[in-house]
Structure formats: C-alpha cells, structure tokens
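K.L.:
Structure incoming, see below.
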DNA sequence: CTTTTATGTTAACTTAAATCAACATATCGT
DNA sequence: ACGATATGTTGATTTAAGTTAACATAAAAG
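Written out as structure tokens, the structure is:
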C-alpha cells in the first residue's frame with residue numbers, strides 16, 4: 069500500500085512476531101496437506117508470489133490474502149474469537165466502571181422526605 | 069493492492085464474515101477504552117481513514133494495520149494460536165497417514181529364517 | 001543421471017492503498 | 001441553544017502491492 073504506514077514499514081516486535089508465526093503456521097499447514105504454493109494460491113485466488121510473501125509474514129499484504137489462505141486450508145475458524153468483546157476483560161472492566169450494569173441500590177426511598 | 073486479487077475483490081462469505089466481525093470487535097474495544105479514531109490511529113501509526121476502513125472490515129487493507137490496531141488495544145495475543153500446528157487436527161492426521169510416528173511392529177523377528 | 005516439479009529472483013507494468021486537505025454532518029457536554 | 005469533538009465524504013497525489021513472464025536453482029520422482 070502506497071504511502072506505506074509506519075506500522076507496515078517497521079512494525080512493533082510483537083506484531084512482527086505474530087506475522088512470522090502466522091506465515092510459518094500457514095506453511096506448515098500447506099505442507100501437511102501436500103499442496104504446492106501454486107495449488108494453494110490458485111484455490112485462494114492469488115498468485116504464488118503473494119503466497120510466498122504470506123509465508124514470509126509480509127506486513128503490507130492485504131488481510132484478505134492471509135484470511136483466504138486460512139480459509140482454503142480449513143483454518144479460518146481460528147479467527148472467530150479474535151478481539152471477541154466477551155473475552156475482552158480489560159474492556160469489560162472499563163465499560164463497567166463507566167456505566168455500572170447493576171443498578172446502584174438507592175440508599176433511601178425515592179419518596180422519603 | 070493494485071491488480072487487486074480475486075480474494076480481495078470478492079472474498080468468500082466466510083472470509084467476509086470474519087472481516088466484518090473483526091472490524092466490529094476492534095470498534096467495540098476502541099469505544100470501551102474511550103478512544104477516538106484519531107487517538108487510536110495515531111497510536112497504531114496509521115491515519116484515521118485507514119482505521120475507519122478496518123472497522124468496516126475492508127479486505128484490501130494491509131494486515132499490519134489490522135494487527136497494529138489489535139496491538140494498540142492490547143488484544144494481539146488473541147492471534148497467537150491462529151493456525152497453530154498443534155491444534156491443526158486435520159493436518160496432523162494427514163501427516164500421520166504419510167509417515168506413521170509409531171514404528172510399525174515387525175510381524176516376524178528380523179533374523180528369523 | 002535425467003526429467004519433472006517446486007520454489008527463488010528479477011524486471012516491467014497497472015492500479016488502487018494510504019495520505020492529506022477541506023468541508024459536511026453527526027454526536028456530546030455544558 | 002451553543003461550542004467542541006468525533007466521524008463521514010470527496011478529490012488530488014504518491015508510490016508500492018500484486019500480476020505476469022522469463023530464467024535460475026533445488027529437490028523429488030523416474
């Protein structure tokens with residue numbers, strides 16, 4: 069992507085790690101299934117060059133290409149819970165602090181005077 | 069990405085679903101943390117426009133932008149197990165079929181004649 | 001060894017991803 | 001109501017992502 073973002077040019081180590089990991093995992097899954105790059109790429113709908121980039125963990129490659137590879141390998145379901153609000157404990161705490169779900173008990177009756 | 073791949077132009081429904089989900093989840097996490105698009109985008113190292121694309125689930129956006137958003141929200145660890153070979157049961161079966169890990173028991177002794 | 005098959009590398013080309021500026025329109029707090 | 005902040009939209013610009021072709025090298029299969 070032109071005017072390449074900082075995040076793509078030099079991603080934080082954590083992001084780079086995940087990217088390399090993902091690439092390796094996709095490669096492993098492909099080899100286990102005895103697929104060549106060309107075969108898998110064709111099923112995904114990309115060129116073999118992009119699949120090579122994916123296996124290398126290239127940051128600037130379109131997310132759909134990565135997800136397409138997972139999809140063609142039958143591994144897309146692993147993405148379903150990513151950033152799931154139900155599992156985002158940090159977020160839930162912050163939300164609760166703002167708008168307490170349990171209605172605060174009134175100390176006194178509304179109409180006591 | 070120019071010469072846009074088929075997978076990006078018209079992703080399979082499953083991929084589109086995951087993409088929309090991811091976008092929504094990132095948005096939810098951002099709002100819970102009371103961050104504006106501009107604030108989060110700046111932390112990620114992208115423009116507010118790209119973050120808007122991400123929350124819409126745009127297929128052609130660089131994977132690093134998506135991962136950067138997860139990272140800035142403290143949700144990147146959700147990606148660690150995606151396509152993990154240890155959890156790829158389908159792949160493990162295929163591999164086992166090819167090269168049986170348990171050495172096949174010899175029916176007869178090696179030196180029986 | 002020889003022939004496939006898989007992958008690496010380079011170069012040329014097309015086109016849209018990402019940025020910025022400017023303005024419009026919510027949405028929120030006071 | 002008001003002003004401030006957040007987000008939507010448009011157009012112009014830049015530049016690299018993705019494609020193809022061609023050739024090189026590596027690894028399997030015969």
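Chains as they are written, first to last, in our numbering: chain F, 69 to 181; chain Z, 69 to 181. Note that CB positions come from ideal geometry on N, CA and C, so glycine has one too.
Would you report the Cα separation of residue 132 of chain Z and residue 101 of chain F, rounded to the nearest angstrom?
P.N.:
Near 27 Å, if we compare the C-alpha coordinates of residue 101 of chain F and residue 132 of chain Z.
K.L.:
Do residue 147 of chain F and residue 150 of chain Z come within 8 Å of each other at the CB atom, strictly closer than that value?
P.N.:
Their beta carbons are under 8 Å apart, which means residue 150 of chain Z touches residue 147 of chain F by this criterion.
K.L.:
Of all the beta strand (DSSP E) runs that stay within the bounds of the region 115-178 of chain F, which reach a length of 3 or more residues?
P.N.:
Within the region 115-178 of chain F, no complete beta strand (DSSP E) run reaches 3 residues.
K.L.:
How would you list, in chain order, the residues of chain Z whose beta-carbon sits under 7 Å from the beta-carbon of residue 124 of chain F?
P.N.:
Simply none; closest approach about 12 Å.
K.L.:
Give the residues of chain F in contact with residue 90 of chain Z, contact being defined as C-beta atoms less than 8 Å apart.
P.N.:
Ordered by position in chain F, the residues that pass the 8 Å Cβ test against residue 90 of chain Z are 147, 150 and 151.
K.L.:
Since residue 113 of chain F is in the alpha helix (DSSP H), which residue starts that stretch and which ends it?
P.N.:
Looking at the DSSP string, residue 113 of chain F is not in any alpha helix (DSSP H), and its letter there is neither H nor E.
K.L.:
Quick one: grab the DSSP three-state call for residue 181 of chain F.
P.N.:
Since pLDDT at residue 181 of chain F reaches only 40, below the 50 mark, its modelled position is unreliable, and the value read off the structure follows with that caveat. Residue 181 of chain F falls in the coil class under three-state DSSP.
K.L.:
Name, please, each residue of chain Z whose Cβ falls closer than 8 Å to the Cβ of residue 121 of chain F.
P.N.:
None at all; the shortest Cβ gap to chain Z is about 10 Å.
K.L.:
Given this structure, state the Cα-to-Cα distance separating residue 160 of chain Z from residue 105 of chain F, to the nearest angstrom.
P.N.:
Going from the Cα of residue 160 of chain Z to the Cα of residue 105 of chain F covers about 19 Å.
K.L.:
Nearest-angstrom Cα distance between residue 77 of chain F and residue 94 of chain Z?
P.N.:
Computed Cα separation, rounded: 22 Å.
K.L.:
For residue 175 of chain F, collect the residues of the same chain with a Cβ closer than 7 Å to its Cβ; drop the 5 residues on either side in sequence, then sort them by chain order.
P.N.:
In this predicted model, residue 175 of chain F has a pLDDT of only 47, less than 50, meaning its place in the structure is not dependable; the value taken from the coordinates is given anyway. Around residue 175 of chain F: no qualifying Cβ.
K.L.:
Within 8 Å, do at least three Cβ pairs link the region 108-125 of chain Z to the region 112-128 of chain F?
P.N.:
With the cut-off at 8 Å, the region 112-128 of chain F and the region 108-125 of chain Z do not touch.
K.L.:
Using 10 angstroms around the beta-carbon of residue 72 of chain F, count the other beta-carbons present and answer buried if the total reaches 16, otherwise exposed.
P.N.:
Exposed, since its Cβ has fewer than 16 Cβ neighbours within 10 Å.
K.L.:
If you measure from the beta carbon of residue 159 of chain Z to each beta carbon in chain F, is any gap under 8 Å?
P.N.:
True, the Cβ-Cβ gap to chain F drops below 8 Å.
K.L.:
Closer than 8 Å between beta carbons: that is the criterion. Which residues of the region 82-109 of chain Z meet it against chain F?
P.N.:
Cβ contacts with chain F: 82, 83, 86, 87, 89, 90, 93, 94, 96, 97, 100, 101 and 102.
K.L.:
Rounded to the nearest angstrom, what separates residue 183 of chain F and residue 165 of chain F at their Cα positions?
P.N.:
It is not possible to answer for residue 183 of chain F, since the shown part of chain F is limited to 69 through 181.
K.L.:
State the start and end residues of the unbroken alpha helix (DSSP H) segment that holds residue 76 of chain F.
P.N.:
Counting along the chain, the alpha helix (DSSP H) containing residue 76 of chain F begins and ends at 74-77.
K.L.:
Please state whether DSSP places residue 71 of chain Z in a helix, a strand or coil.
P.N.:
Residue state, collapsed to three classes: coil.
K.L.:
Report the residue from Z:163, Z:134 and Z:156 whose alpha carbon sits nearest the alpha carbon of residue 86 of chain F.
P.N.:
When each option's Cα is compared against that of residue 86 of chain F, the closest is Z:134.
K.L.:
Evaluate residue 99 of chain F with the Cβ neighbour count: other Cβ atoms within 10 Å of its Cβ, from every protein chain shown; 16 or more gives buried, anything less gives exposed.
P.N.:
Residue 99 of chain F is exposed by the Cβ-count criterion.
K.L.:
What's the gap between the Cα of residue 141 of chain F and the Cα of residue 153 of chain Z?
P.N.:
If you take the alpha carbons of residue 141 of chain F and residue 153 of chain Z, they lie about 12 Å apart.
K.L.:
Is any beta-carbon of chain Z found at less than 8 Å from that of residue 165 of chain F?
P.N.:
So no, residue 165 of chain F is outside the interface.
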